[in-house]
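Some notes on the structure that comes next.
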Amino acid sequence: MLPHLLRASAPPSERPKMSVEQYKIRRPRQGIPQMLKTGDCGIYAIKFVECHALGSEFRTPISDENIKMVREKLAAEIFEETEQDGHTVSNPLPFQSSDRELLYPY
């Protein structure tokens, strides 16, 4: 089904080049960190995708014990990427001070 969805969403000029043949999906069954607490699945997923995309193994196993440090490091890396020539490209607080009263009326 996925090849058909990809082909349908592709630009018309690219569709003839795209195959809808079934393809194999490889799913590793060992060496994947598992979270025991809820709420950090996004961090686990991001780090897994990052390592997989770079073709590297997890250097430091991600665990519930070190997930806070991993989350903080990832946030710092994302923030670092928003800087351009010493200026912040995106404003992390896009609201004016008067807008905060609308968000937090109490």
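If you read the sequence shown in this note's numbering, its first letter stands for residue 1064, the second for the next number, and so on.
Backbone N, C-alpha and C fix where the C-beta goes; we use that ideal spot for every residue, glycine too.
All of these numbers come straight from a predicted model, not from anything done at the bench.
Rounded C-alpha distance that separates residue i from residue j
i     : j     : result
I1125 : V1133 : 8 Å
K1080 : E1135 : 43 Å
E1113 : P1096 : 14 Å
K1110 : L1068 : 27 Å
L1137 : S1082 : 36 Å
E1140 : E1146 : 11 Å
L1065 : R1078 : 14 Å
D1127 : Y1086 : 34 Å
R1090 : L1117 : 17 Å
Q1093 : E1084 : 28 Å
Endpoints, alpha helix (DSSP H) assigned at residue i
i     : result
I1130 : I1130 to E1144
A1071 : L1065 to S1072
Coil, strand or helix - residue i by DSSP
i     : result
E1113 : helix
K1087 : coil
K1100 : coil
R1092 : coil
I1125 : coil
Cβ-Cβ distance between residue i and residue j below 8 Å
i     : j     : result
I1088 : I1106 : no
Practice task
Check whether the region 1094-1105 touches the region 1064-1077, taking contact to mean three or more Cβ pairs, one atom from each stretch, closer than 8 Å.
Solution key: no
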